[in-house]
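Structure record follows, encoded as structure tokens.
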Amino acid sequence: MRAIDLHAHLTPQCFQREVLAGKMWHGMTSAEGELFNPRNAWTPEQRLADMNSLGVDIQVVSTNVAFYKYDQDVAITTAIAQACNNEVHQMTVDYPDRFAGLATLPMQDIKAAITELERAVVQLGLKGAMINDQINGRTFDEPEFLPFWKAAEQMGALLLIHQARPTLVTQRTTRYHLPNTIGNLVDRAVTFASFVFGGVMDACPALRICLAHGGGYTCFGIGRMDRGWQMRSEARGNITKPPSAYLRRFYYDCLTHSEAALRLIIDTVGADRVVLGTDWPADMRIDWPVSWVLGLQSLTQEEKELILWKNLERLLGL
Amino acid sequence: MRSIDIHAHLTPQCFIRATQAGQEWHGIRPGSVRIAPRAVWTPEQRIADMNSLGVDVQVVSTGAGFYYYDRDARTVAAMHRDCNDEVHQMTMDHPERFKGFAQIPMQDVPTAIAELDRAVNKLGLVGAMIDDKVNGRTYDDPVFMPLWKAAEQMGALMFIHQGGATVVRERSNRYHLPNTIGNLADRAVTFAAFVFGGVMDACPNLNICLAHGGGYTCFGIGRMDRGWQVRSEARVHIPRPPSAYLSKFYYDCLTHSEAALRMVIDTVGIDRVIFGTDWPADMAIDWPVSWILSLESLTQEEKEAILYKNLEKLLGI
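Protein sequences, first through last, are from chains A and B. Plus 555 on top of the position in the first sequence (first one is 1) and you've got this note's numbering. Plus 144 on top of the position in the second sequence (first one is 1) and you've got this note's numbering.
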């Protein structure tokens, strides 16, 4: 039994070396990158020891969301992205059987984002990129992003969608960790809807997208989106089928913290669309993810194998 | 088979009459409110539609468009008295067919308590329908505690239903998403505000129904529990994880999904799920009784509990 984790983050060593010496790194300081979490300081070797303990064979490593920096000057963000992506690349070169990687991209400039995605995928061998749910307030149905989706589709790149604060809950409350525990899942449902209602999935039939955190509230809430599509002409402007017809166009990680929720996702999208994602090393991660999946009584052995490794083995050629 | 609908709205005839006569009504100018076709129906026309749908009783709530929490409290209190008097009259004219929820001016908690008291104890209404937030304040704000205490003591049912902009509106106003995602997101935040804020511990007998199946609450409870486990700020008011409070609430069946409704039932228990249709909105369940009766994953006993037994017991009707 293998285990391949699509949702595992990195705070780059190149950043830590500078900021922990009291210097700035492309304008960033030690207040960023979640350095309060000791695991974020770990070297690749320490990470591997923890993966061995957890039973995770491969992490598809993504640089932490603090490094999105979509609101900065594009030259700065591009320099940050290149440095992060080079470090992830080096991990995959040093430990080709244990690490694959996702790039971070300067999404505020679509041409620069395409250039860096191409460098990351074609030259560095990364598997795709992790991007936010929105770019400076703009959702992914905006026409300006279409060249990026076309480019990602042509490269066969996988795009992992993962929020950064603030989420949509933040405007109402910042208490009780709700901007994360509810907000992440709201943001993801809006992103699913932006891709689908905006016509992106029709325009790019081979585009590969994974919605982190189990797709957020997408699968549970799809019935109301379908009803909205039936009743409101503005919901039918770009698509001729209801949104539920597009559920299987996406991948979803298993990061639900709920067996019932994971079961509903599998029943809604099919087990061939659900992949292992743990959110290592965040405090909101699954603590013992392989054990958790293996221990779920409502999943068949075949479903567990698809989630733990078979789907990602096929999708990423690992 | 009886059926009692907890989620059915009213555009008051007193408002329609005034605006159709070109008169201002409690500060609302004629023509400034969109009125859906079925909303102008008289109680008798409404009953004809209920007969067609197989709905025996509607617990009528004046629409969310009449919250007006951002306006002068005295003006809105007078408006809400008119709304509540009209709902009361419907329950007097057709006692076997209508029960009612009040509107209460939530921007002024003492006035809201006074109107809830009048509505419940003088007019015989069953409680009140309120928004997910009041001018940006969520229900864990201590300013609201006297209302929860009063509602608990009166045995009033608080029906939570969004109005105005939901949290999704800030990101996208397209494709009806502020409704189709936003309503459900708002409801989950309200569940969390009540629970994490300690209201459910302070008011153990407070009856709350979360409309739209509680929104994303049941599906998302695992992540809320995880947040409670790993973050101290989530444990400030409650000694148990939020999932321990799920069965303190009622949930209507307005999910537009059998799988989602099944999950709500399995998560909170069949005795906490009640019939709610959103009549006469375009986002209503079209043939709600038929829909419930046709669901293959529900037992006959579960269908009866949802359609009428739970509400018979809760409301004493």
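Each residue gets a CB set at the ideal place from its N, CA and C atoms; glycine is no exception. The model shown is predicted, which means the values in this text are computed figures rather than measured ones.
Item, Value
"Counterpart residues of residue 202 (chain B) in DSSP-defined beta bridges", "B:149 and B:242"
"Which of helix, strand or coil DSSP assigns to residue 559 (chain A)", "strand"
"Cβ neighbour criterion (16 or more within 10 Å) applied to residue 457 (chain B)", "exposed"
"Residue 268 (chain B) - DSSP class collapsed to helix/strand/coil", "coil"
"Listed by chain order, chain A residues near residue 229 (chain B) by CB distance under 7 Å", "Those do not exist, as residue 229 (chain B) stays about 32 Å from chain A at its closest Cβ, beyond 7 Å."
"Boundaries (first-last residue) of the alpha helix (DSSP H) holding residue 633 (chain A)", "629-649"
"Runs of beta strand (DSSP E) lying entirely within the stretch 250-336 of chain B, each at least 3 residues, in chain order", "271-274 and 301-304"
"Selection from A:721, A:660, A:752 and A:562 that minimises the alpha carbon distance to residue 741 (chain A)", "A:721"
"CB contact flag (residue 715 (chain A), residue 765 (chain A), <8 Å)", "yes"
"Cross-strand partners of residue 450 (chain B) (DSSP beta bridge)", "Answer is none; residue 450 (chain B) lacks a bridge partner."
"Counted within 10 angstroms of its Cβ, other Cβ atoms place residue 188 (chain B) as buried (16 or more) or exposed", "exposed"
"Limits of the beta strand (DSSP E) - the one that residue 617 (chain A) falls within", "613-618"
"Residue(s) in a DSSP beta bridge with residue 423 (chain B)", "B:152"
"Three-state secondary structure assigned by DSSP to residue 397 (chain B)", "coil"
"Residue 150 (chain B): contacting residues in chain A (beta-carbon distance under 8 Å)", "Under the 8 Å cutoff, chain A gives no residues; its nearest Cβ is about 18 Å from residue 150 (chain B)."
"DSSP-derived helix/strand/coil call for residue 431 (chain B)", "coil"
"CB contact check: residue 819 (chain A) to chain B, cutoff 8 Å", "yes"
"Inside the stretch 720-748 of chain A only - alpha helix (DSSP H) runs reaching at least 4 residues", "733-736"
"Segment limits, beta strand (DSSP E) that includes residue 764 (chain A)", "763-766"
"Proximal residues, the stretch 289-302 of chain B versus chain A, C-beta separation under 9 Å", "none"
"Chain B contact residues for residue 812 (chain A), given Cβ-Cβ distances below 7 Å", "366, 367, 369 and 370"
"8 Å Cβ cutoff met for residue 228 (chain B) and residue 301 (chain B)", "no"
"Residue 780 (chain A), buried or exposed, once every other Cβ within 10 Å from all chains shown has been counted against 16", "buried"
"Straight-line Cα distance separating residue 428 (chain B) from residue 245 (chain B)", "18 Å"
"Candidates A:652, A:726, A:841 and A:783: closest to residue 799 (chain A) by CA position", "A:783"
"Limits of the unbroken beta strand (DSSP E) element including residue 685 (chain A)", "683-686"
"Cβ of residue 282 (chain B) within 8 Å of any chain A Cβ", "yes"
"Per-residue contacts from residue 795 (chain A) into chain B (C-beta, under 7 Å)", "The contacting residues do not exist; residue 795 (chain A) stays about 14 Å from chain B at best."
"Proximity test, Cβ basis, 8 Å: residue 808 (chain A) and chain B", "no"
"Where residue 732 (chain A) meets chain B, residues with beta-carbon distance less than 7 Å", "371, 375, 377 and 378"
"Rounded C-alpha distance that separates residue 329 (chain B) from residue 581 (chain A)", "37 Å"
"Sub-8 Å separation of residue 354 (chain B) and residue 318 (chain B) beta-carbons", "no"
"Contact check, residue 617 (chain A) vs residue 657 (chain A), beta carbons under 8 Å", "yes"
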